[in-house]
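**Student:** Numbering (the numbering used here), first residue to last: 17 to 141.
Cβ atoms here follow ideal geometry from the backbone N, Cα and C, with glycine treated the same way.
#1: If you compare alpha carbons, which of 76, 53, 131, 29 is closest to residue 38?
#2: Go through its chain and collect everything with a Cβ distance to residue 151's Cβ below 6 angstroms, but skip five positions before and after it.
#3: Quick one: measure Cβ to Cβ for residue 25 and residue 54, integer angstroms, because I've assumed they're closer than 8 angstroms.
#4: Let me confirm a value: residue 69 is counted as buried when at least 16 other C-beta atoms fall within 10 Å, else exposed. Which label applies?
#5: Once DSSP output is grouped into helix, strand and coil, what is the label at residue 104?
#6: Closer than 8 angstroms by C-beta to residue 22: which residues in its own chain qualify, once you throw out the five before and the five after it? Chain order, please.
#7: Give the single residue among 84, 93, 74 whose Cα lies nearest to the Cα of residue 115.
#8: Which ranges would you report for the beta strand (DSSP E) in the stretch 22-63 if only whole runs of at least 3 residues count?
#9: Give the DSSP-derived three-state secondary structure of residue 80 in the structure shown.
#10: Just the Cα atoms here: how many angstroms apart are residue 107 and residue 113?
#11: For the alpha helix (DSSP H) that residue 125 lies in, which residues bound it at each end?
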């Protein structure tokens, strides 16, 4: 939860710095969304960060929504790219994006759903 809350804080600060008003911020963490919206209690180690997120969200009139993990593949691919390279990256053009991110962006643009299929093992006795 610490990493996701830090990512959310960075996102809202970016919106604030770029003067992006009424942004819709998506997270795949329902728990984080509920804590920010005061529906769930915040653990003591996240209180200050969550308060800062709330303050910035209010100042830029943003909203936070939940998206399922399947809808977050593009963001996850960008995060993985940054984590692997250990450096900040900025992309201005589609062609600059990593190929996996371009793939997910095109899938999203074409409105092709990402579906998670759970299988379970059946024990026959």
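**Tutor:** Looking at the atomic coordinates:
#1: On the chain shown, position 22 is the one that residue 38 refers to. Measuring from the Cα of residue 38, the nearest candidate turns out to be 76.
#2: As shown, the chain starts at 17 and ends at 141. That puts residue 151 outside it, with no answer to give.
#3: Here residue 25 corresponds to residue number 9 of the chain shown, with the count starting at 1. Here residue 54 corresponds to residue number 38 of the chain shown, with the count starting at 1. That pair is no contact at about 17 angstroms.
#4: Taking the chain shown and counting its residues from 1, the one referred to as residue 69 is at position 53. Buried is the call here.
#5: Here residue 104 refers to the residue found at position 88 of the chain shown. The answer is coil: DSSP assigns residue 104 none of H, G, I, E or B.
#6: Along the chain shown, one-based indexing puts residue 22 at 6. Once the five neighbours on either side are set aside, the close Cβ partners of residue 22 are 65.
#7: As a first step, residue 115 must be located in the chain shown, where it is residue number 99. Among 84, 93, 74, the Cα nearest to that of residue 115 belongs to 93.
#8: 40-43
#9: In the chain shown, residue 80 corresponds to position 64, counting from 1. Residue 80 falls in the strand class under three-state DSSP.
#10: Position 91 of the chain shown, counted from the start, is the residue given in the question as residue 107. Position 97 of the chain shown, counted from the start, is the residue given in the question as residue 113. Distance between the alpha carbons of residue 107 and residue 113 is about 6 angstroms.
#11: Walking along the chain shown from the start, residue 125 turns up at place 109. Here the alpha helix (DSSP H) through residue 125 covers 115-125.
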